Amino acid sequence: MATTPAIEAIEATVAAPPAPRARRWAARPGEALAFGLVALFLLAFLVVPVLTVITVAFQDRATGGFTLAHFGDFLSNDLFMRSFFNSLYVSLMSVAVASLIALPLAYFTTRFEFRGAILVQTLGVLPLIMPPFAGAVAMGLLFGRTGSVNLLLDEYLGINIPFMEGLNGVIFVQSIHYFPFILLNLTASLKNIDRAMEESAQNLGAHGFRLFRRIVLPLAMPGYIAGASLVFIKVFDDLATPLLLNVREMLAPQAYLRITSVGLEDPIGYVISVVLILFSVLSLWISSLALRGKDYATVQRGGGGLVKRRMSRGQAIAAYALIAAILLLVLAPHFGLFLLSIATIWSYSPLPDGYTLAHYTRVFAESSQYITNTLIYAGLAGLIDVIIGTTIAYLVLRTRMVGARWLDYVAMSALAVPGLVLGIGYLRTFFGITLPDGSSLAAFWGIIVLALAIRRLPYALRACMAAMQQISASLEEAAENLGARRLRVVRRIVLPLMAGGLAAGFVTSFATAAVELSATLMLVQSSDDAPLAYGLYVFMQSPAGRGAGAALGIIAVVIVGLSTWLSHLVAEHGGGRKSA
Amino acid sequence: MSALAQETLLAREPAGIRVEGVDLSYGTTRVLRDVNLEIRPGEFFAFLGPSGCGKTTLLRLIAGFNTAQRGRVLVGGQDISDLPPWKRDVGMVFQSYALWPHMTVRRNVAFGLEERRVPRAEIGPRVDAALKLVGLEGMGERRPAQLSGGQQQRVALARTVAVRPKVLLLDEPLSNLDARLRVQVRRELRDLQQRLRLTTIFVTHDQEEANTVCDRIAVMNEGVVQQVGTPMELYDHPANLFVAGFLGTANIMPGTVLRDGAAQAFEIDGGTRIPLPPGLDVPAGARLMFRPQDVSLLPVGTEAPGRRLLEGEIVHREFLGASIRYGVRVAGAEVLVDTPHMGGEGHLPVGGRAALALDAARVKLLAA
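So the protein lines, in turn, are chains A and B. Number 202 in my numbering belongs to position 204 of the first sequence; there are no gaps in the numbering. Counting from 1 along the second sequence, just add 47 to a position and that's the residue number in my numbering.
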């Protein structure tokens, strides 16, 4: 009977023509097509525009040859160098101030038995759901030279604190807006420290501050650095907040002003873009160095995070007071923006003179296209991101296709491309391409959607990857074993199980795209095509438009807040169905 | 470095441990109930019991990671109940090893010495001695993530013995190792404990681990110490049904005690009577317990003078190599019987009938 298996195999091949090998070949063309389409998309809308920007920065305008002359101009110009150091200073200071805000919140809520820890962590993330520049004007009204706080300080103490003067204002607004990145990362890494890490140190004689310095702090460090470098990049690249605060001597505003006032041919805008990319890459690199080989998530089965301590009465009062003060500060932009949106006149007084709903009426009557545009653009961008993210995740995780990893890397590299740079790249690359109706591709509203999609792709891609990774391959194999073909397996098993993750990915893209401004500011050609963030920016330019601008801002907060809440619901719901 | 020099660097006068009247609750759950233990200096002692029996809680109480509502813990005659963990000088090896991933192996091992302000000149040799003791010399510059599970455990052990603790606490030290390594490591643990003459408590749920390495064992269940003794004492003279069932395999048969003047007997449900020695103190609600090897299986109808015969049907058979284990259904209960297997001998058929021969001297009457 020794020959039976071989004979059976031959018979099986004869009897059932689509043998496994043949079927695998048959599946390939579809995968290759998907790979090609995604690669083409990334090439056209990410790689080429960015390379164009870099090329122009090094290109002699007359001969088209390589030159460093533009960089020479940049380095020898006082205004640009001052802008560069201002940007560096503002970014570093924002990291420092954001750390001061985030550290106590993270530490107290993870380390101590703390009533309201969830509330603190929820409120702590709230700033992220507001466009950073939206709060800038409100912050000016609250903390500016003649803002509410300084008016009160002047009346009772006779002092005036320059919160919002010049660069201080940018640092203040940015750190209040971006500190959640540090809070989230730091909280996660503190929670991931197993209590045995701490107990073993106590067992060997360490306690108190030494225990914190030698064990807890180093273990939480990678998370802190990841958060801090994110804050650094965001602040360094941000265009809208300094512009709204009328701070022009920073890199991003300079690039914007050169391109919009001098023109698309001016090389300095491109040089600045290269500098912005360079620093983004640098801080991402530092963050990856900090995280390399340091998967410090040490929680073991049965173990929880750090042991929660009980605070004494005095400590508790001090801690609650500190956290209340921080939360008050953090929520100030929301509060200010809301007040502004219902204020009749608010100037030189701690609170508005009167209240009205006229701004909302005005926004809905005159400028509702901003809202519909935003919903369409962000919705399309989110959809594109989820489709491309799922395709890449599938190619990487479920096929052994050579090059699939590269799609992942290229898509993720969008993280290091500032919105401003992408905007400039699109203008330069697509300006010469004319559409059938004779207008330029760069002026087509769809290009804004593509820019938003590329900008948010890394986040959606990670969500799709995570969702697919959670599905054990054996679940799919079981379906195949029971007779389902590949496409049906995807439709009946993979997609339903991924649904939660996909929805989360879509909403993340949607919500952040809805308040994006850096790329949009470069690409919007007419206010009919403009999204909400752009409208807000335009309104905020004039004192008369501030009320309406604030109303738009509140609408943006509501849209983003609702969708974040929805994604939370979906994630909770999907969480129960993770495969073992 | 000679073995002797190593030991003088790392060994110290052994200390005993006393646990007196400890009660511990989490909320309304009583985790430890009136625990009293005396662990002798230099002894290798085990806390053995199923999960949730309180053994780890008791170990963590000695290390200072939880607080008892009542009672106290003494190490080397000193009451340490009110000392914080970092002042107790009891070395603990954690189940997860708890090596700090941001430090090299050397830094991990040196940590406790640095915290104790040991002079720098002395730290180096003691770290070397500790690493050599566990066979990891030359691995000092690696990070924990670069080591295998077995090596990580050795680092955890080296880190703890380097500080010369008064006593050594091991929390399920073998649970994260694969089966083959477990046998090797438990021998090494025993060897190391003997060389350092270090009072050691070993927490485990595995009776084989406890039996093979420990001098004495405290068997625990539901927060109560059931019995303390050497492995053989516990196996041969279990104090109750829990201990009998937890250490080794036990056949337990329900029945009633019959008394007629001074004479007494145990009647197994179903009718067979086992005479008991007069004056034997039988606890209330007692059941009959015997080990599978303390009973023999005979063909039906065999004469066995002085032994009681119970007839039953063979319902399953497992061949274990040195012996054959039969499951025999007798009077509604299933009894396990081990018969030695001699080369070439056959076995009894499943489904056939056989007689169990009980030796009255080898059965015990135990309460729950």
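Beta carbons are placed, not taken as given, at the ideal position from N, Cα and C, and that holds for glycine. Here the structure is a predicted model, which is why all the values come from computation and not from measurement.
Just checking my contact of residue i with residue j at CB under 8 Å: how many whole Å lie between their CB atoms?
i: F230 (chain A); j: S89 (chain A); result: 5 Å
i: N183 (chain A); j: Y222 (chain A); result: 7 Å
i: L95 (chain B); j: Q254 (chain B); result: 6 Å
i: V46 (chain A); j: T389 (chain A); result: About 20 Å separates the two Cβ atoms, so there is no contact after all.
i: I315 (chain A); j: P102 (chain A); result: With a Cβ gap of about 14 Å, I315 (chain A) and P102 (chain A) do not count as contacting.
i: A511 (chain A); j: R454 (chain A); result: 5 Å
i: I266 (chain A); j: H566 (chain A); result: Incorrect: roughly 44 Å between the Cβ atoms, too far for contact.
i: L418 (chain A); j: A517 (chain A); result: 7 Å
Can you have a look at residue i and say buried or exposed, based on whether 16 or more other CB atoms are within 10 angstroms of its CB?
i: Y73 (chain B); result: exposed
i: N244 (chain A); result: exposed
i: G300 (chain A); result: Low confidence applies to G300 (chain A): its pLDDT is 44, below 50, so where it sits in the model is not reliable enough to give any reading.
i: N155 (chain B); result: buried
i: R19 (chain A); result: Here the model assigns R19 (chain A) a pLDDT of 37, short of 50, so the residue's position is not dependable, and the following value carries that caveat. So R19 (chain A) counts as exposed.
i: F366 (chain B); result: exposed
i: G167 (chain A); result: buried
i: S278 (chain A); result: buried
i: D406 (chain A); result: buried
i: A310 (chain B); result: exposed
i: V12 (chain A); result: Any reading at V12 (chain A) is ruled out, since the residue's pLDDT is 38, under 50, leaving its predicted position unreliable.
i: W563 (chain A); result: exposed
i: E474 (chain A); result: buried
i: Q313 (chain A); result: exposed
i: H357 (chain A); result: buried
i: S98 (chain B); result: exposed
i: Q116 (chain B); result: exposed
Which chain B residues are close to residue i, counting only those with a beta carbon under 7 Å from its beta carbon?
i: G584 (chain A); result: No answer is possible for residue 584 (chain A): the residues shown for chain A start at -1 and end at 578.
Residues of chain B with a CB under 9 Å from the CB of residue i: which are they?
i: L217 (chain A); result: W147, P148, H149
Residues of chain A with a CB under 7 Å from the CB of residue i: which are they?
i: A177 (chain B); result: By Cβ distance, chain A contributes nothing, its closest Cβ being about 12 Å from A177 (chain B), past 7 Å.
i: F112 (chain B); result: E197
Just curious, the beta strand (DSSP E) that residue i is in, first and last residue?
i: T76 (chain B); result: 76 to 86
i: N268 (chain B); result: 263 to 268
i: I52 (chain A); result: From DSSP, I52 (chain A) is part of no beta strand (DSSP E) but of the alpha helix (DSSP H) over 46 to 55.
i: P387 (chain B); result: 380 to 387
i: E68 (chain B); result: Sequence check: residue 68 (chain B) is Gly here, not Glu. Here the beta strand (DSSP E) through G68 (chain B) covers 64 to 73.
i: D264 (chain A); result: Here D264 (chain A) belongs to no beta strand (DSSP E), and DSSP marks it neither H nor E.
i: I127 (chain A); result: No beta strand (DSSP E) holds I127 (chain A); DSSP gives it neither H nor E.
i: Y373 (chain B); result: 370 to 377
i: S343 (chain B); result: 342 to 345
i: E360 (chain B); result: 355 to 366
i: L121 (chain B); result: 117 to 122
i: G276 (chain B); result: 271 to 276
Could you check where the alpha helix (DSSP H) with residue i kicks off and where it finishes?
i: P102 (chain A); result: 76 to 109
i: M186 (chain B); result: Looking at the DSSP string, M186 (chain B) is not in any alpha helix (DSSP H), and its letter there is neither H nor E.
i: V250 (chain B); result: From DSSP, V250 (chain B) is part of no alpha helix (DSSP H) but of the beta strand (DSSP E) over 246 to 251.
i: N298 (chain B); result: Not the alpha helix (DSSP H): N298 (chain B) falls in the beta strand (DSSP E), residues 298 to 300.
i: K189 (chain A); result: 165 to 189
i: D152 (chain A); result: 146 to 154
i: V214 (chain B); result: Taken as a continuous stretch (DSSP letters only), V214 (chain B) belongs to no alpha helix (DSSP H), being part of the beta strand (DSSP E) at 214 to 218.
i: L236 (chain B); result: 226 to 243
i: Q198 (chain B); result: 196 to 208
i: R454 (chain A); result: 443 to 467
i: F336 (chain A); result: 311 to 339
Run down chain A in chain order and give the residues with a C-beta less than 8 Å from the C-beta of residue i.
i: V210 (chain B); result: L202, G203
Taking 7 Å as the cut-off, is the CB of residue i close to at least one heavy atom of the ligand GTP?
i: V45 (chain A); result: Ligands displayed in this structure: none; no statement on the ligand GTP is therefore possible.
For a contact defined as C-beta to C-beta under 9 Å, what are the partners of residue i on chain A?
i: G138 (chain B); result: N201, L202
Mind listing the chain B neighbours of residue i? Cutoff is C-beta to C-beta under 8 Å, in chain order.
i: I213 (chain A); result: W147
Margin query: At a CB distance below 8 Å, what residues from the segment 181 to 195 of chain A approach chain B? Give them in sequence order.
Written below: Result list: D192, A194, M195.
Notebook entry, point to check: Got a sec: which bits of the segment 155 to 169 of chain B sit with their beta carbon under 8 Å from any beta carbon on chain A, in order along the chain?
Noted result: The segment 155 to 169 of chain B vs chain A, Cβ under 8 Å: F158, G159, E162, R163.
Check: Just by C-beta distance, which residues in the segment 116 to 134 of chain B are closer than 7 Å to chain A?
Finding: Interface annotation for the segment 116 to 134 of chain B against chain A: P131, P132, W133, criterion Cβ-Cβ distance under 7 Å.
Notebook entry, point to check: Which residues, in chain order, does the segment 512 to 523 of chain A contribute to contact with chain B at a C-beta distance below 7 Å?
Noted result: Hits within the stretch: zero.
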